[in-house]
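Chemist: Below you'll find the structure I mean.
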Amino acid sequence: METNWLDVKSKLGTIFYALSQKIDGFDKDFNPEIRVADPRFGDFQVNGVLGFAKKNKKNPRELSEKLLIKAKQFEDLADCSLELSGPGFINIRLTSDFLRQWVNTFCGRCNFKQWLAGKTIVIDYSSPNTAKQMHVGHLRSMIIGESIQRLLQFCGANVIRDNHIGDWGTQFGILIMAVKRENFDITAIDSATALDEFERLYREGVALTKQDQTFLNEARRELVALQKGDLENLRIWETINTVSYHAFEKIYSQMDVAFDYVLGESFYRDKVDRICNELEALGIAEKNQGALVVFHREHERFKDQPFLIRKSDGASNYATTDLATVLYRWENFRADTIIYVTDGRQQDHFQQLFLTVERWFSAKNIPLLPQLKHVWFGTVLGEDGRAIKTRSGESIKLKQLIDESIARARTIVTEKNPDLSSVEHEKIAHAVGTGAIKYADLSQNRTNDYIFSWDKMLSFDGNTAPYLLYAVARIHTLFQRLDISPHGRREPKSMADFLTPEELALARKLVDFPSTIAQVLNDLKPHDLCTYLFELASEFSTFYKANRIIGETEDIFEKRLLLCQFVLHVLETGLYLLGIERLEKM
Ligand code: ARG
1 METNWLDVKS
11 KLGTIFYALS
21 QKIDGFDKDF
31 NPEIRVADPR
41 FGDFQVNGVL
51 GFAKKNKKNP
61 RELSEKLLIK
71 AKQFEDLADC
81 SLELSGPGFI
91 NIRLTSDFLR
101 QWVNTFCGRC
111 NFKQWLAGKT
121 IVIDYSSPNT
131 AKQMHVGHLR
141 SMIIGESIQR
151 LLQFCGANVI
161 RDNHIGDWGT
171 QFGILIMAVK
181 RENFDITAID
191 SATALDEFER
201 LYREGVALTK
211 QDQTFLNEAR
221 RELVALQKGD
231 LENLRIWETI
241 NTVSYHAFEK
251 IYSQMDVAFD
261 YVLGESFYRD
271 KVDRICNELE
281 ALGIAEKNQG
291 ALVVFHREHE
301 RFKDQPFLIR
311 KSDGASNYAT
321 TDLATVLYRW
331 ENFRADTIIY
341 VTDGRQQDHF
351 QQLFLTVERW
361 FSAKNIPLLP
371 QLKHVWFGTV
381 LGEDGRAIKT
391 RSGESIKLKQ
401 LIDESIARAR
411 TIVTEKNPDL
421 SSVEHEKIAH
431 AVGTGAIKYA
441 DLSQNRTNDY
451 IFSWDKMLSF
461 DGNTAPYLLY
471 AVARIHTLFQ
481 RLDISPHGRR
491 EPKSMADFLT
501 PEELALARKL
511 VDFPSTIAQV
521 LNDLKPHDLC
531 TYLFELASEF
541 STFYKANRII
551 GETEDIFEKR
561 LLLCQFVLHV
571 LETGLYLLGI
581 ERLEKM
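Just so you know, my numbering puts 165 at position 165 of the sequence shown, and the rest follows in order with no gaps.
Set out below in structure tokens:
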């Protein structure tokens, strides 16, 4: 089988489009719209004829009949059975012969590196603000961002992972004031409690500024001094950032997340003036009550809600920094695409940013605008359906959350499998504990809110990380028992066709893997991958119960083992793409 059959759905799209162009009545605007079909009717369905016929005032049944005749004569479709259905659909069923060839060709050879080869993609994720601990609000950007960046690399992109930390905000005016008022010895700080201390100092500083205007003025003076390069203030600022990032890194290493760059807001502090001047000179930004703003007058909502890029006191802000950041990523990384992973409340900001960049870059005659994408997500809710909080109403610290998950996983796995060594228990607890948090997040459509539930995410039944990890471990056990490596290619002397309903269903599910990857790449929504992996694992479980492997004749043994190997490979790849550590034993 030719390698361009890897993604069957997309290959069918190409074929049906090409066939249609040889038929009277179709034109170049026809889109076959191949969909994965209800298994009772087939594997795929050509859906596009109906819409096309309607739009062009033609008879859909007639058009699809012509298309069907052409398709039946087409050699490449000889291993598919085709039939007309309903008012103008074509059902496609892959024959057992097709499935055997497909599985045999692509087992261990699902390579998508061509899909994004040559593309440079900057992905901006996690990006917390410094001087504070990471809390549950920082969970999703880290998890979703990590998964997406893995997927992009897997599909061949040159990915640049940039942690755009908020390290130059107004919080530093207050913090520096508080540090100085307390004569707080910043050099002697204990790294274990440092962030607690900074949070306390910040709270006390805020309380002061609310009490008395003079403190507010003092905090502002400290901020201005910092921004002007005052050495003492810079030293305090730098210590706070170093300590903060150190704490972030502990979480990143626990969660297996890493970055190529940490170019936070402070990195752009000497690059923002150029932006304001340029935008003003190009007539894109205008003065408005002392501030500098960009109006998008053609836009329904933004026409009277301008994008503020310099405040009336002359200070730049989040927007100015982000404009400078786009320019930097374009000039230095030659980014084809820039992806931002933040919560949904920043949608307006990014829409205005993208509109502004579009006008700005086209005014600069930059021909190839980087594609800008905002990958946003909803809120993590508690079991009561409200934003998740501790009992005392504070944000839950990420460190506590992760530690608790690992501890709960440890209890479960020790109970389930008391005979393993403590080193093994620890390894499994870590994979299950961190994996459960990640999977619970990624398996939800990211634009929805979701309810955080320990019981659900740590359950071994249902669409969860433990379920998938267990499925993987089970296949490993089989290979261990046979003393055969699950990696490397098997070249069986003979291999029977897939005959049992479970074999056929499993092979068909494997065929959907590449189109699932294509789908996730398109929407940047990992939950479709989760659903797919869960269905594959369930299909495998059914197959494994009903189809014997050991003790069958060689040709049956080989075809079933090949299925096991392929399923293992896809499940492991899938878990890797979700950022979840895999286990051979559980
Ligand atoms: N620091 C910001 C926050 O905590 C997120 C930054 C996202 N990236 C960006 N380029 N704006 O909300």
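Cβ atoms here follow ideal geometry from the backbone N, Cα and C, with glycine treated the same way.
Any chance the segment 129–144 sits against the segment 292–310, with 3 or more Cβ pairs inside 8 Å?
Modeler: The answer is no - the segment 292–310 does not touch the segment 129–144, with fewer than three Cβ pairs under 8 Å.
Chemist: What runs of the beta strand (DSSP E), each 3 residues or longer, lie entirely inside the segment 114–190?
Modeler: 120–124 and 158–162
Chemist: Any chance you could list the residues with Cβ under 7 Å from a heavy atom of the ligand ARG, keeping chain order?
Modeler: Asp124, Ser127, Pro128, Asn129, His164, Ile165, Gly166, Tyr318, Asp322, Thr325, Tyr340, Thr342 and Gln346
Chemist: Taking 7 Å as the cut-off, is the CB of Gly393 close to at least one heavy atom of the ligand SAM?
Modeler: Questions concerning the ligand SAM fall outside what the structure shown contains, since the ligands it does hold are the ligand ARG.
Chemist: Do Gly88 and Ala37 have their C-beta atoms closer together than 8 Å?
Modeler: no
Chemist: Closest to Gly42 by CA distance: which of Lys70, Phe16, Cys80 and Gln73 is it?
Modeler: For Gly42, the nearest C-alpha among the options comes from Cys80.
Chemist: Assess, as a yes-or-no matter, whether the segment 265–281 is touched by the segment 323–339 under the definition of 3 or more beta carbon pairs within less than 8 Å.
Modeler: Because the criterion of three Cβ pairs below 8 Å is met, the segment 323–339 and the segment 265–281 touch.
Chemist: Which residue spans inside the segment 373–418 form an unbroken alpha helix (DSSP H) run of at least 4?
Modeler: 398–416
Chemist: Thinking just about the alpha-carbon of each residue, which of Gly344, Ala285, Asn163 and Asn522 is nearest to the one in Lys257?
Modeler: The sequence shown places Val at residue 257, not Lys. When each option's Cα is compared against that of Val257, the closest is Asn163.
Chemist: Sorted by chain position, which residues of the same chain lie with C-beta nearer than 8 Å to Thr516's C-beta, five sequence neighbours on each side aside?
Modeler: Asp528, Leu529 and Tyr532
Chemist: For Cys110, which of helix, strand or coil comes out of DSSP?
Modeler: Residue state, collapsed to three classes: coil.
Chemist: Put Gln45 into one of helix, strand or coil per three-state DSSP.
Modeler: Of the three classes helix, strand and coil, the one that applies to Gln45 here is strand, per DSSP.
Chemist: Span of the alpha helix (DSSP H) holding Asp273?
Modeler: For Asp273, the enclosing alpha helix (DSSP H) covers residues Val272 to Ala281.
Chemist: How long is the line joining the alpha carbons of Lys545 and Met586, rounded to whole angstroms?
Modeler: 19 Å
Chemist: Using CA coordinates, which residue listed in Lys559, Ala505, Asn445 and Gly25 is at the minimum distance from Lys493?
Modeler: Nearest C-alpha to Lys493: Lys559.
Chemist: Quick check: Lys58 and Gly25, are their CB atoms within less than 8 Å of each other?
Modeler: yes
Chemist: Please list the terminal residues of the continuous alpha helix (DSSP H) segment that includes Glu552.
Modeler: Taken as a continuous stretch (DSSP letters only), Glu552 belongs to no alpha helix (DSSP H), as it is neither H nor E.
Chemist: Using a Cβ distance threshold of 8 Å, determine whether the segment 9–27 contacts the segment 470–483, with at least three qualifying pairs required.
Modeler: Flag = no, the segment 9–27 and the segment 470–483 do not touch.
Chemist: Candidates Lys399, Ala188, Pro514 and Met142: which alpha carbon is nearest Cys155's?
Modeler: Pro514
Chemist: Mind checking which residues open and close the beta strand (DSSP E) that includes Ser81?
Modeler: In the DSSP annotation of this structure, the continuous segment of the beta strand (DSSP E) that includes Ser81 starts and ends at Cys80 to Ser85.
Chemist: Relative to the C-alpha of Leu536, which candidate in Ser453, His569, Ala219 and Gly551 has its C-alpha closest?
Modeler: Comparing C-alpha distances from Leu536 to each of Ser453, His569, Ala219 and Gly551 shows the shortest one belongs to His569.
Chemist: Going by the beta-carbon positions, is the gap between Val380 and Phe452 smaller than 8 Å?
Modeler: yes
Chemist: At which residues does the alpha helix (DSSP H) containing Asp7 begin and terminate?
Modeler: First-last for Asp7: undefined, no H or E at that position.
Chemist: With a Cβ-Cβ cutoff of 8 Å, do Pro128 and Ile165 count as a contact?
Modeler: yes
Chemist: Cα-Cα, which of Phe106, Leu401 and Glu265 is closest to Arg169?
Modeler: In the sequence as displayed, the identity of residue 169 is Gly instead of Arg. That would be Glu265, whose Cα lies nearest to the Cα of Gly169.
Chemist: Measuring alpha carbon to alpha carbon, tell me which of Tyr450, Asn91 and Ser141 ends up nearest Gly385.
Modeler: Tyr450
Chemist: Taking the C-alpha atoms as reference points, what is the distance between Phe112 and Gln101?
Modeler: 19 Å
Chemist: Helix, strand or coil: how does DSSP classify Glu286 here?
Modeler: strand
Chemist: DSSP on Gln444, reduced to helix/strand/coil?
Modeler: coil
Chemist: Closer than 6 Å by C-beta to Arg35: which residues in its own chain qualify, once you throw out the five before and the five after it? Chain order, please.
Modeler: Gln45 and Asn47
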